[in-house]
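Peer 1: Take any residue in the sequence shown, count from 1 to its spot, add 19: that is its number in this note's numbering. Heads up, the beta-carbon is just placed ideally off N, CA and C, and yes, glycines get one too. Before anything else, here's the structure in question.
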Amino acid sequence: LRFRLPNENEEYNAKFESANENGLNFSLSNLKGNELTLFIGGVENNRFRVIIEEPDHHRYKLEHVLEKDPVTTSLKVDESDDSSVTASDDFGNKVVVRLQPLFIEFYHNDVLETVLEGNRIIMQDTEENQ
């Protein structure tokens, strides 16, 4: 996968749907018409939990993946506009979600720690790339 370039039709865009004390909710879509949901929540010990699922996630919902649910931290939305959403917790952690194309940056004490790119969420297996 490292050498495979993503197809522009597989690049996901996000739409900010809602926020509550548990986290941020987004709907994702690409030019191929695929739709997903994205949840980003705060977790203790300077971590985030990212869950990407199909809208009808009951088909593939994995159970007993974790021994127990992680202890969560509250996220508050600091900024939100048509291009991005920024949220943070009380422990120096921040997430910036750029919506089109989807691009997620995770910070701790204003130092960039991790980046997730929306064009590499899902890659289709085809005969050409095997």
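Tell whether a beta-carbon distance below 9 Å holds between A106 and V90.
Peer 2: In this structure, V90 does not lie closer than 9 Å to A106 by Cβ.
Peer 1: Determine the closest residue to E132 out of I70, E124, R139, with distance taken between C-alpha atoms.
Peer 2: E124
Peer 1: Am I right that K34 and L135 are in contact with their C-beta atoms under 8 Å? What's the rounded C-beta distance?
Peer 2: 17 Å between Cβ atoms; not a contact.
Peer 1: Identify every run of the beta strand (DSSP E) within the segment 104–134, keeping only runs that are complete inside it and at least 3 residues long; order them along the chain.
Peer 2: The qualifying runs are 112–117, 122–127.
Peer 1: Give the range of the beta strand (DSSP E) segment to which L55 is assigned.
Peer 2: 54–62
Peer 1: Given a cut-off of 9 Å, decide if I71 and L50 are closer than it, judged by their beta-carbon atoms.
Peer 2: no
Peer 1: Determine which residues share a DSSP beta bridge with E72 and list them.
Peer 2: T56
Peer 1: For the beta strand (DSSP E) holding L43, just list the boundary residues, first then last.
Peer 2: Note, L43: beta strand (DSSP E), 42–48.
Peer 1: Would you kindly work out how many angstroms separate the C-alpha atoms of E73 and E36, rounded to a whole number?
Peer 2: 15 Å
Peer 1: How far does the beta strand (DSSP E) with E98 in it extend, from its first residue to its last?
Peer 2: 95–99
Peer 1: Apart from the five residues just before and just after L47, which ones in its own chain have a Cβ nearer than 6 Å to its Cβ?
Peer 2: Y31, A33, L55, L57
Peer 1: What number of angstroms, rounded off, separates the C-alpha of T92 from the C-alpha of L43?
Peer 2: 12 Å
Peer 1: For E136, which beta-bridge partners are listed by DSSP?
Peer 2: E136 pairs with F122.
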